[in-house]
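Here is the structure we will look at.
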Amino acid sequence: MPRQTRQQVDDEIIDCAATLFARHGLRETSIQRIADAVGYSKSGLLRHYPSKEALQEAVAARCLAELADVARGAAGEPPGPGRDRAALTGLAHLALRRPGFIALLLAALLRDPADPESALLEPVGEVIAEAFALAPPTEPDTVPDLGRAIRVAGAVGALAVARTALRPHLTAASAADLIDVAHRALGHPAADAY
1 MPRQTRQQVD DEIIDCAATL FARHGLRETS IQRIADAVGY SKSGLLRHYP
51 SKEALQEAVA ARCLAELADV ARGAAGEPPG PGRDRAALTG LAHLALRRPG
101 FIALLLAALL RDPADPESAL LEPVGEVIAE AFALAPPTEP DTVPDLGRAI
151 RVAGAVGALA VARTALRPHL TAASAADLID VAHRALGHPA ADAY
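Numbering (my numbering), first residue to last: 1 to 194.
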């Protein structure tokens with residue numbers, strides 16, 4: 001079996017750490033727990049990331065960068081069903097490629113914004129809003145189109161929960177079903193109804 005590249009090792013560590021951070025929180029996830037999950041010694045993991053904080057920052061940066069790529073991919077479409085499908089397609093493929101990121105995204109959206117653990121992933125909501133062309137708040141703590149925001153939250157939640165709950169059973173072919181379920185949660189007809 002060919003040896004993994006440095007990038008493949010980093011990808012594995014970061015996705016696994018994202019899964020554990022989503023499940024246990026940043027404070028409760030130890031370097032040892034992550035090392036055990038990826039099959040490295042603690043010292044081996046610390047050669048890649050010199051501290052837990054460095055690993056947390058790397059996970060947050062990569063997760064937000066991948067999410068921003070999804071938003072950029074959807075930004076070429078005008079607001080509406082096509083843009084929604086583009087955003088959901090990007091999220092579904094991200095979910096299948098990096099399941100830990102989607103679990104962390106869901107955890108970030110569920111976390112109390114006042115919780116200090118929320119700071120690293122605070123931009124997640126803004127990036128999701130950008131991907132789906134949600135109007136920004138006109139005042140703090142307001143949502144201009146609450147109905148649409150609820151549907152977007154439901155669609156993203158449906159995709160993330162399905163991916164997290166069915167993790168061992170989903171394949172690349174499952175992307176179409178994830179996209180379709182989430183698209184319908186936004187109030188759009190099923191893909192075969194076009």
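In this text, a Cβ means the ideal position worked out from N, Cα and C, and glycines have one as well.
Check, Outcome
"If the criterion is Cβ atoms closer than 9 Å, does the pair residue 103 and residue 62 meet it?", "no"
"Check for me: the alpha helix (DSSP H) holding residue 184 runs from which residue to which?", "175 to 185"
"Taking the continuous alpha helix (DSSP H) assigned at residue 21, which residues delimit it?", "6 to 24"
"If I follow the unbroken alpha helix (DSSP H) through residue 167, where does it start and stop?", "Per DSSP, residue 167 belongs to no alpha helix (DSSP H) and is neither H nor E."
"For residue 171, is the classification buried or exposed, using 16 other Cβ atoms within 10 angstroms of its Cβ as the cut-off for buried?", "exposed"
"For residue 252, count the other beta carbons within 10 Å of its own beta carbon; 16 or more makes it buried, fewer makes it exposed. Which is it?", "Residue 252 cannot be examined here, being either before or after the span of the chain that is shown, 1 to 194."
"Residue 152 and residue 179 look like a contact to me (Cβ under 8 Å); what is the Cβ gap, rounded to whole Å?", "Going by Cβ atoms, the distance from residue 152 to residue 179 rounds to 14 Å, so no, they are not a contact pair."
"Does DSSP classify residue 117 as helix, strand or coil?", "helix"
"From residue 121 to residue 108, what distance separates their C-alpha atoms?", "6 Å"
"Just the Cα atoms here: how many angstroms apart are residue 10 and residue 60?", "14 Å"
"Whole angstroms are fine: how far does the CA of residue 101 sit from the CA of residue 30?", "18 Å"
"Report, in whole angstroms, the separation of the C-beta atoms of residue 131 and residue 71, which I expect to be a contact under 8 Å.", "4 Å"
"Looking only at its own chain, which residues have a Cβ that is under 7 Å from the Cβ of residue 16, when we skip the five neighbours before and after it?", "34, 37, 38 and 100"
"To the nearest angstrom, how far is the alpha carbon of residue 2 from that of residue 136?", "48 Å"
"Just to confirm, are residue 156 and residue 105 a CB contact at a threshold of 9 Å?", "yes"
"Taking 9 Å as the threshold (C-beta atoms), are residue 81 and residue 159 in contact?", "no"
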